[in-house]
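Number of protein chains: 2
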Amino acid sequence: MPRSSGPVDSPARLSLISRHLAPDYPLNTPYTVERHPDNIDTSLLPKTQTRALTTDANSANMSTQPEHPTLLIPGPIEFDDAVLNSMSHYSESHVGPGFVAVFGETLSMLRKLFQTTDPSAQPFVLSGSGTLGWDLVAANLIEPGEDALVLSTGYFGDGFADCLKVYGANVTQISAEPGSRPQLPEIEKALSEKKYKLLTVTHVDTSTGVLSELKNLSELVHRVSPDTLVIVDGVCSVACEEIDFDAWKLDGVVTASQKAIGCPAGLSVSMFSGRAIQAFQNRQTPPTSYFASMKNWLPIMQNYEAKKPSYFATPSPQLVRALHTALTQIVAQGVKERFAAHTAASDKIKAAVAALGLKQVAANPDDQAHGMTAIYLPENVKGAELLPKLASRGVVFAGGIHKAIAAKYIRFGHMGVSVLDPSRGHVEKAIKALEEGLSECGYQKA
Amino acid sequence: MPRSSGPVDSPARLSLISRHLAPDYPLNTPYTVERHPDNIDTSLLPKTQTRALTTDANSANMSTQPEHPTLLIPGPIEFDDAVLNSMSHYSESHVGPGFVAVFGETLSMLRKLFQTTDPSAQPFVLSGSGTLGWDLVAANLIEPGEDALVLSTGYFGDGFADCLKVYGANVTQISAEPGSRPQLPEIEKALSEKKYKLLTVTHVDTSTGVLSELKNLSELVHRVSPDTLVIVDGVCSVACEEIDFDAWKLDGVVTASQKAIGCPAGLSVSMFSGRAIQAFQNRQTPPTSYFASMKNWLPIMQNYEAKKPSYFATPSPQLVRALHTALTQIVAQGVKERFAAHTAASDKIKAAVAALGLKQVAANPDDQAHGMTAIYLPENVKGAELLPKLASRGVVFAGGIHKAIAAKYIRFGHMGVSVLDPSRGHVEKAIKALEEGLSECGYQKA
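For the protein sequence lines, the chains are A and B, in the order given. If you're matching positions, the first sequence starts at 1 in UniProt numbering and goes up one per residue. If you're matching positions, the second sequence starts at 1 in UniProt numbering and goes up one per residue.
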């Protein structure tokens, strides 16, 4: 049933959600928020249909999903039951009060996830895949003939460069060898040689598991080239790596629903600074896309967040409800706690990989992502041989996709419920499968 | 569990699905296919999780969805339970064999829905809303500076024109008064005055309920301007209005998942002719979008249909599974039967509207859509007064959106399960609510 949007403003509502959520709605995680048994406003809880919410975070097998291979690729990831239940919400109008309130809260909660309190920052949630975020940047924040500096740490950095070129940007690319990342001195040199409208960096390149530094990079850009917008591809980092949007003075972070946020695929999710919106509004030429046009979407997103129905193109109520449920859990847990949990799980996984005598694609520990691990295969083991052995143990890893080294490595995604709910045992199961699978392939640690 | 893709080719597989589906999987419709009790290949049935499939198409209340207002707007529409259950399918790899087979079958079944057997025709299913289909046309099938002729019967015809302009097309628009449509003689005149790269027509404009003729229009274009591509916006027509892609020599039909197809919103669905693909391949300039680029998507769609994993951007496994379930039902029923069922329901609704003494926005009976009815309000009744009275009776209609007449009419969507499953009683409920609501507003038939 639609619920009315009361006089409570967004931050207060979020605090309500975060305060009230815990008692009836335990998170799939050991990192619970403080519990207040009083005053439960059940209208704020995600609606579910026939499957019961799980009620004991420590039960041995809490998921009501049918048995299936454990998906440990770097996105899509395994889902929390409540998120998945939200996907089968009955049909409702995309401009009805119930859905408008849910969409509005979803946008407000994204501000918490990105750690921004600046009212000029603007969240967007569009039907599309993560790739659509690149179009959103390329069609709105840069004009044909303007310069972009793209830092590439793999397949996805190269993709962002391709997208910018399609929309007419002049792209200068600084690419690192597979497993490393462009260093600040060469970036500083490039920034001082030309005035760039924007710089893009892939926070975690899903093809290599390389983590880029954002804080120092953004400081450098603001010091050397203060007008250049700092744009982050956060597809494989948002909700598992620290992103402090305001403090780090970021201008744009684009991501997707299906990675660490833990929602099914199908939504492009992004946050832009007031400065980025200003750059869009100061364009000399109109946006060069229709479906990805901020001109079309900006008033819609502002209206939804103000709980006013609005239409440019039909959103997906089911996906937005699932995102709402995922964000409600994230906000209730607290983003800092979420990042810490991913770091702890990643440290454990990387230690286990090292104990097996395996090397990571990301060579330097400081450059290693916390939501995935790209692992070089031992010399005589092929991915095509090992991956089916993992699958026969109920574990799905991904193969390599960086063309220079594709056959030489595999990828292990460890995000969301798989690391936040220890009762699922996913991490242990995966490490054990990896150990046994390698051994079956004839590998023995040297 | 992933299921292996056997040696059965697509048409043969479709025939298998259509032949085997009925016994265990009754459609929510009185128009059942012939039933064969032998040889059930259950691997071909849509997978569900905890909610049981309904088993009796004639039971009084077959839906397992919680009670909720009946959504009778012109999209999104009410869902069949099995379609909705597919939305909460557990997580799976977008390049794993199970999902690749489902995506491949989905594309093959679209050929049946559009009634094309021409192997050069190409279906696309992309994450996005219906609007993305316009970008797909504008960014790939026409180059900047080329001419497009847009036939407009309302808000959505105007939108298609705007989209084409964003991508640099020179647009000539023939617009009709609200409630009517451009006539063939003026279209013929326009076609003989200038050489157009493409012509677009909104099959049913959701803002007015005006149905455009496609068969005669396409014949005219092929006679007068044979090189001009015939592009149809079928967002509010595909799966409820007859579309005979091959016989009518159409070059493109773009639609969305959430209208008569009966799947939740979030997918752009389209079919293009071999001639349209050729026009794309003969471009002098590259496509002017990245996310909507046929260059990026064409090989992906071809690979998925050939059951080969492929990646450009992550599809939404849950939405594609829901579309697969919806198309499986549509193909099992037969598209001709589906169109006939919508026409029968529409005739009944329009007779009831006339019996209430109300006029439709689409004045000429030949121009009236079969999946929706746009109804002029009586002189002293306001939509803002009537719609809540319908809502209090559990029926959700939409208000007007054509800016010239927005306050003067309401819209009643009658597509998919609401007309195909008489046991739901949606049509009767809506007509009764309309009658009572009008009466409560003080209206009496003159």
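In this text, a Cβ means the ideal position worked out from N, Cα and C, and glycines have one as well.
C-beta contact flag for residue i and residue j at 7 Å
{"i": "residue 196 of chain B", "j": "residue 149 of chain B", "result": "yes"}
{"i": "residue 258 of chain A", "j": "residue 76 of chain A", "result": "yes"}
{"i": "residue 391 of chain A", "j": "residue 400 of chain A", "result": "no"}
{"i": "residue 409 of chain A", "j": "residue 361 of chain A", "result": "yes"}
{"i": "residue 86 of chain B", "j": "residue 87 of chain A", "result": "no"}
{"i": "residue 159 of chain B", "j": "residue 374 of chain B", "result": "no"}
{"i": "residue 326 of chain B", "j": "residue 263 of chain B", "result": "yes"}
{"i": "residue 396 of chain B", "j": "residue 443 of chain B", "result": "no"}
{"i": "residue 222 of chain B", "j": "residue 212 of chain B", "result": "no"}
{"i": "residue 104 of chain B", "j": "residue 319 of chain A", "result": "no"}
{"i": "residue 393 of chain A", "j": "residue 433 of chain A", "result": "yes"}
{"i": "residue 404 of chain B", "j": "residue 178 of chain B", "result": "yes"}
{"i": "residue 191 of chain B", "j": "residue 224 of chain B", "result": "yes"}
{"i": "residue 118 of chain A", "j": "residue 246 of chain A", "result": "yes"}
{"i": "residue 388 of chain A", "j": "residue 99 of chain A", "result": "no"}
{"i": "residue 95 of chain B", "j": "residue 309 of chain B", "result": "yes"}
Chain B contact residues for residue i, given Cβ-Cβ distances below 8 Å
{"i": "residue 162 of chain A", "result": "290"}
{"i": "residue 75 of chain A", "result": "314"}
{"i": "residue 143 of chain A", "result": "In chain order: nothing, as chain B lies at least about 14 Å away."}
{"i": "residue 123 of chain A", "result": "None at all; the shortest Cβ gap to chain B is about 18 Å."}
Residue from the options with nearest C-alpha to residue i
{"i": "residue 107 of chain B", "options": "B:184, B:215 and B:306", "result": "B:306"}
{"i": "residue 260 of chain B", "options": "B:137, B:445, B:78 and B:153", "result": "B:78"}
{"i": "residue 235 of chain B", "options": "B:128, B:375 and B:63", "result": "B:128"}
{"i": "residue 377 of chain A", "options": "A:101, A:439, A:85 and A:320", "result": "A:439"}
{"i": "residue 268 of chain B", "options": "A:126, A:82 and A:170", "result": "A:126"}
{"i": "residue 252 of chain B", "options": "B:317, B:331, B:200 and B:381", "result": "B:200"}
{"i": "residue 114 of chain B", "options": "B:241, B:188, B:321 and B:398", "result": "B:241"}
{"i": "residue 279 of chain A", "options": "A:141, A:95, A:431 and A:116", "result": "A:141"}
{"i": "residue 358 of chain A", "options": "A:309, A:191, A:431 and A:116", "result": "A:431"}
{"i": "residue 290 of chain A", "options": "B:298, B:165 and B:315", "result": "B:165"}
{"i": "residue 288 of chain B", "options": "A:287, A:298, A:167 and A:309", "result": "A:167"}
{"i": "residue 131 of chain A", "options": "B:123, B:296 and B:404", "result": "B:296"}
{"i": "residue 441 of chain A", "options": "A:310, A:398 and A:383", "result": "A:383"}
{"i": "residue 144 of chain A", "options": "A:198, A:190, A:180 and A:416", "result": "A:198"}
{"i": "residue 418 of chain A", "options": "A:412, A:411 and A:427", "result": "A:427"}
{"i": "residue 82 of chain B", "options": "B:351, B:445, B:323 and B:366", "result": "B:323"}
{"i": "residue 80 of chain B", "options": "B:63, B:95, B:379 and B:68", "result": "B:63"}
{"i": "residue 452 of chain B", "options": "B:386, B:332 and B:237", "result": "Residue numbering for chain B in the displayed model covers 1 to 446; residue 452 of chain B lies beyond these limits and cannot be assessed."}
{"i": "residue 328 of chain B", "options": "B:163, B:139, B:112 and B:315", "result": "B:112"}
Cross-chain neighbours of residue i in chain A, by beta carbon under 7 Å
{"i": "residue 454 of chain B", "result": "Not covered by the structure: residue 454 of chain B. The range shown for chain B is 1 to 446."}
{"i": "residue 132 of chain B", "result": "291"}
Contact set between residue i and chain B, taken where Cβ atoms lie within less than 9 Å
{"i": "residue 135 of chain A", "result": "289, 290, 291 and 292"}
{"i": "residue 454 of chain A", "result": "Outside the shown range of chain A (1 to 446) lies residue 454 of chain A, about which nothing can therefore be said."}
{"i": "residue 383 of chain A", "result": "The premise fails here: residue 383 of chain A is roughly 13 Å from chain B at the closest Cβ pair, so nothing lies under 9 Å."}
{"i": "residue 71 of chain A", "result": "90, 91, 92, 93 and 96"}
{"i": "residue 396 of chain A", "result": "92, 93 and 96"}
Interface partners of residue i on chain B, CB under 7 Å
{"i": "residue 128 of chain A", "result": "127, 128 and 291"}
{"i": "residue 258 of chain A", "result": "314"}
{"i": "residue 266 of chain A", "result": "127, 266, 316 and 319"}
Residues that residue i contacts on chain A, provided the C-beta gap is smaller than 8 Å
{"i": "residue 79 of chain B", "result": "90 and 91"}
{"i": "residue 286 of chain B", "result": "166"}
{"i": "residue 138 of chain B", "result": "290"}
Cβ of residue i within 7 Å of any chain E Cβ
{"i": "residue 68 of chain B", "result": "Reference to chain E is not applicable here, since the protein chains of this structure are A and B."}
Contact between the segment 65 to 72 of chain A and the segment 299 to 317 of chain A (3+ Cβ pairs under 8 Å): no
Stretch pair the segment 334 to 350 of chain B + the segment 332 to 345 of chain A: three plus CB contacts closer than 8 Å: no
In chain order, each alpha helix (DSSP H) run of at least 4 residues that lies wholly inside the segment 56 to 98 of chain B: 81 to 86
Cβ contact (3+ pairs, closer than 8 Å) linking the segment 258 to 273 of chain B and the segment 229 to 239 of chain B: yes
Runs of alpha helix (DSSP H) lying entirely within the segment 197 to 246 of chain A, each at least 4 residues, in chain order: 215 to 224
Contact the segment 422 to 429 of chain B vs the segment 367 to 375 of chain B: 3+ CB pairs below 8 Å: no
Any alpha helix (DSSP H) of 4 or more consecutive residues that is wholly inside the segment 97 to 167 of chain A: 97 to 113, 131 to 140 and 155 to 166
Contact the segment 140 to 154 of chain A vs the segment 171 to 190 of chain A: 3+ CB pairs below 8 Å: yes
Beta strand (DSSP E) segments (min. 3 residues) lying fully within the segment 363 to 430 of chain B: 372 to 376 and 409 to 413
Meets three-Cβ-pair contact criterion under 8 Å: the segment 327 to 339 of chain B and the segment 184 to 194 of chain B: no
Whole alpha helix (DSSP H) elements within the segment 314 to 351 of chain B, 4-residue minimum: 317 to 333
4 or more residues per run - each alpha helix (DSSP H) lying fully within the segment 237 to 309 of chain A: 274 to 281 and 294 to 305
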